[in-house]
Amino acid sequence: MTGKPFEVFLTGATGFLGHYMLAELLAHPHVRCRVLLRSPVSKSSARLTRLLGEIGLNLPSLIVEGRVAIVEGALPDSLRPADISGVDLILHAAGNTTFHANGSGEPAKTNIDGTRAILDAAASAGIPRFVFVSTAYVCGEQVGHQLEVFRPTIPQLRNDYEQSKWRAEQLVWDWGQRSGMATICRPSILFGDSRTGRASAMKGLYLVAKATEILARAMDDSREMDRHHISLRILGRSDATCNVVPIDWAARQIAEIALEPATESSVHHITNPDPPTHQEVKGWLEDYFDIAGGRFSDATWPLTDANHYEDLFYSLGNICLDYFRDGLTFESQCAAKLSPGRRLIDGSSFARCLKYAQATHWCRTPSGEKDIHPPSDSFDPTWYFEHFLPEAVPRSVVAKVEELTAIVQYTITGSIGGSWISRFDRGRLEETNAVPTTLKPEFEYRLSYEDLVDVVACRKPLQDVFFHGSAEMFGDVERALKMVPIIGEFLKEFPVNGKENPLMECRTGVAC
Ligand SMILES: NC(=O)c1ccc[n+]([C@@H]2O[C@H](COP(=O)([O-])OP(=O)(O)OC[C@H]3O[C@@H](n4cnc5c(N)ncnc54)[C@H](OP(=O)(O)O)[C@@H]3O)[C@@H](O)[C@H]2O)c1
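Numbered according to my numbering, the sequence shown spans residues 89 to 600.
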């Protein structure tokens, strides 16, 4: 590269991958980056400052030096021509990684419409090169060796996310035929930094790890089961692989591919040539969490005869099953450059990533970065726990659960928080008191106000907030876990619409 500044327009800079890619791009002294940040920019830039700070970069200084400029915007809104004029390359890494479509129109809105919007802007502004971060799993259900080629016909895809990325690839490739040079990078599953274990988002294989941690915590208090002989069927083959790649390696490969001059449109797999098998991951997880006993099984989900431990593991962990694949390998030019015998992920780097994940409470976002201002028509937790629950529980499925005798604490953190303790006796809710109270809880659920609002309105499944959100369990975790499906049923029976008014209506039509 010459001494002339090389201008990159980067989307998704605040993401798990994006901030590592920004750091890799900036490691090249002639590169300047314009980063698209969503509003409010004060919050997005504070988040980006923290993320870059954690990997040794100072965003305010980079802005002062003219190496980074911030552009405010959100996809699929159109970009202003001035935002991208003069740019040498667009590196489009923004994406929505929700697997299944929800009421908000995601992941199609960001991944398909958003990509179309930015391609249109690129065509109008005459940008010569467009690099798109896709996924290795646009191959869908296909098995065998996947070549680094554009795939013009749609394979059998497994979820809405893969579908949206496949459609976006079509748009990008078409753009390459008409308007410039298209480069598609397809990473497999991103995992923590190979050097430090650091990650800024817990997805993919982390969900399996978190389900295992919850199971291990349940074992801490279990009187019924030996933690080294847990009766758990692991669905799948022991030799199936999980194609995970370290985030730092993936980001470096994509940045290098992007900065390398291109003479034609191309596709690149950012994949692991020697990925861990099911058996290896099982062993690494068992060593780390000091549990054992699971055995591989060719049973399929859902298990009709699941035992209690399988219920626990899969009620929280069945979302992980998509990540292990049989008989799938990838052609990859960048993987071919690895020194022979060097594994991208091994037992010790895996353990380092788990250690980091646990130390950061599975990457919880610092509370100062969350939107702490509730909407003006805010939902009132005091009303929910002290009035709504005593009214609704006796008419719900909970009242039928004779085995439910427990003293449970709910702690809501954030701007409208509080703590309440309920005493259940054979399914009957005998009392609920705000803390301080003389009741001594046996276990506790703790979650943020924002997650509570989503959970009671059934916008998010309870299990999701234990994985992706703020929820945690304390005390007798095994009993807390046993109660999760019961609470889930209650929430479905008595959803609330999230307004503060105590006359709030239940969607069941029952006056509450
Ligand atoms: N994670 C994986 O294992 C994996 C594997 C293969 C491929 N990929 C692909 O890699 C890319 C990055 O993934 P990631 O895991 O880093 O995701 P991530 O952590 O969720 O980050 C997503 C980034 O995209 C931005 N974004 C999302 N929707 C947007 C919108 N509508 N307008 C503007 N910006 C938006 C986010 O901004 P905010 O911070 O404002 O939300 C964030 O910067 C995605 O394209 C994904 O499909 C990921």
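Glycine included, every Cβ here is placed at the ideal spot set by N, Cα and C.
Being a predicted model, the structure only gives us computed values, none of them experimental.
Less than 8 Å separating the Cβ of threonine 102 from some heavy atom of ligand 1? At least one heavy atom of ligand 1 falls within 8 Å of the beta-carbon of threonine 102.
Spatial neighbours of aspartate 459 within its chain, please: CB distance less than 6 Å, with the 5 preceding and 5 following residues excluded, ordered by chain position. Residue placement at aspartate 459 cannot be trusted, given a pLDDT of 48 that sits under 50; the coordinates are not used to answer.
Just mark leucine 235 as buried or exposed, buried being the case when its beta carbon has 16 or more other beta carbons within 10 Å. With fewer than 16 other Cβ atoms within 10 Å, it is exposed.
Give me the DSSP bridge partner(s) of tyrosine 498. Answer by DSSP bridge pairing, in chain order: Trp508 and Tyr533.
Cβ neighbours of glutamate 593 in the same chain (closer than 6 Å, five flanking residues each side left out): Confidence in glutamate 593 is poor, its pLDDT being 37 and thus under 50, which makes the residue's placement too unreliable to answer from.
Taking C-beta to C-beta, are alanine 387 and arginine 321 nearer than 9 Å? Yes.
Taking DSSP as the reference, what is the three-state secondary structure of glutamate 250? If DSSP states are grouped into helix, strand and coil, glutamate 250 belongs with the helices.
Just to confirm, is the Cβ distance from valine 221 to alanine 181 under 9 Å? In this structure, valine 221 sits near alanine 181, with a CB-CB distance shorter than 9 Å.
Arginine 274 and isoleucine 358 - do their beta-carbons sit closer together than 9 Å? Note that the C-beta distance between isoleucine 358 and arginine 274 is below 9 Å.
With which residues is phenylalanine 384 paired in a DSSP beta bridge? BP columns for phenylalanine 384 point to Ile322.
Helix, strand or coil at aspartate 336 [DSSP, three-state]: Helix at aspartate 336.
Length of the line joining the Cα atoms of glycine 103 and proline 428: Whole-angstrom Cα-Cα distance: 31 Å.
Near serine 156, which residues of its chain fall below 7 Å by C-beta distance, leaving aside the five closest residues on each side in sequence? Checking the sequence, you will find valine at residue 156 rather than serine. Apart from the 5 residues on each side of it in sequence, valine 156 sits with its Cβ closer than 7 Å to the Cβ of Cys121, Val123, Leu147 and Leu150 in its chain, given in chain order.
In this structure, how does DSSP classify isoleucine 302 when only helix, strand and coil are distinguished? In the three-state reduction of the DSSP assignment, isoleucine 302 falls in the helix class.
Just checking my contact of threonine 203 with leucine 259 at CB under 8 Å: how many whole Å lie between their CB atoms? Rounded, the Cβ-Cβ distance is 5 Å, consistent with contact.
Inspect the beta-carbon positions of valine 481 and phenylalanine 578 and report whether they are closer than 9 Å. It is a contact, given that the beta carbons lie within the stated cut-off.
Whole-angstrom distance between glutamate 566 and threonine 493, CA atom to CA atom: Approximately 14 Å between the Cα atoms of the pair.
When you compare only the Cα positions, how much space is there between leucine 177 and isoleucine 215? Between leucine 177 and isoleucine 215, the alpha-carbon positions lie close to 7 Å from each other.
Among residues of its own chain, excluding the 5 on either side of leucine 540, which ones have a beta-carbon nearer than 7 Å to its beta-carbon? Cβ neighbours of leucine 540 beyond the five flanking positions: Pro469 and Ile500.
Counting only runs of 4+ residues fully inside the segment 102-173, write out the alpha helix (DSSP H) ranges in chain order. Listed in chain order, the alpha helix (DSSP H) elements of length 4 or more contained wholly in the segment 102-173 are 104-114, 129-142, 147-152 and 169-172.
State yes or no: is the C-beta of leucine 535 within less than 9 Å of the C-beta of alanine 559? Yes, these two residues count as a Cβ contact at 9 Å.
Between proline 583 and ligand 1, is the CB less than 8 Å from at least one heavy atom? No, Cβ of proline 583 sits at least 8 Å from all heavy atoms of ligand 1.
Taking 8 Å as the threshold, find out whether the segment 422-439 comes into contact with the segment 274-293 through three or more Cβ pairs. Because the criterion of three Cβ pairs below 8 Å is met, the segment 422-439 and the segment 274-293 touch.
If I follow the unbroken alpha helix (DSSP H) through threonine 203, where does it start and stop? If you look at threonine 203, you'll find it in the alpha helix (DSSP H) that goes 203-213.
According to DSSP, what are the bridge partners of glutamine 234? Note: glutamine 234 sits in a beta bridge opposite Phe418.
Between arginine 305 and the rest of its own chain, which residues show a CB-CB distance below 6 Å, the 5 nearest in sequence each way excluded? Around arginine 305: Val565.
Kindly give me the distance between the Cβ atoms of valine 219 and threonine 271, rounded to whole angstroms, as I take these residues to be in contact under 8 Å. About 4 Å separates the beta carbon of valine 219 from that of threonine 271, a gap short enough to meet the 8 Å contact definition.
Closest by CA to aspartate 513, which one among Ile495, Pro573 and Arg340? For the residues Ile495, Pro573 and Arg340, the minimum Cα distance to aspartate 513 belongs to Ile495.
Aspartate 308 to tyrosine 498, Cα distance in whole Å? Between the C-alpha atoms of aspartate 308 and tyrosine 498 there is a straight-line separation of about 21 Å.
Option in Arg246, Arg138, Ala211 and Pro390 with minimal Cα separation from tryptophan 261: Checking every option, the nearest Cα to that of tryptophan 261 belongs to Ala211.
Using CA atoms only, rank isn't needed, just tell me which of Ala328, Val355 and Val489 is closest to proline 364. Nearest C-alpha to proline 364: Ala328.
Beta-carbon separation of alanine 522 and serine 503 under 9 Å? The Cβ-Cβ distance between alanine 522 and serine 503 does not fall below 9 Å.
Taking C-beta to C-beta, are isoleucine 143 and arginine 266 nearer than 9 Å? No, the pair does not count as a contact, with Cβ atoms beyond the cut-off.
Please return the same chain residues whose Cβ sits closer than 6 Å to the Cβ of threonine 417, not counting the five positions on each side in sequence. Here the set comprises His233.
Assigned secondary structure, aspartate 308 (DSSP; H/G/I helix, E/B strand, else coil): Of the three classes helix, strand and coil, the one that applies to aspartate 308 here is helix, per DSSP.
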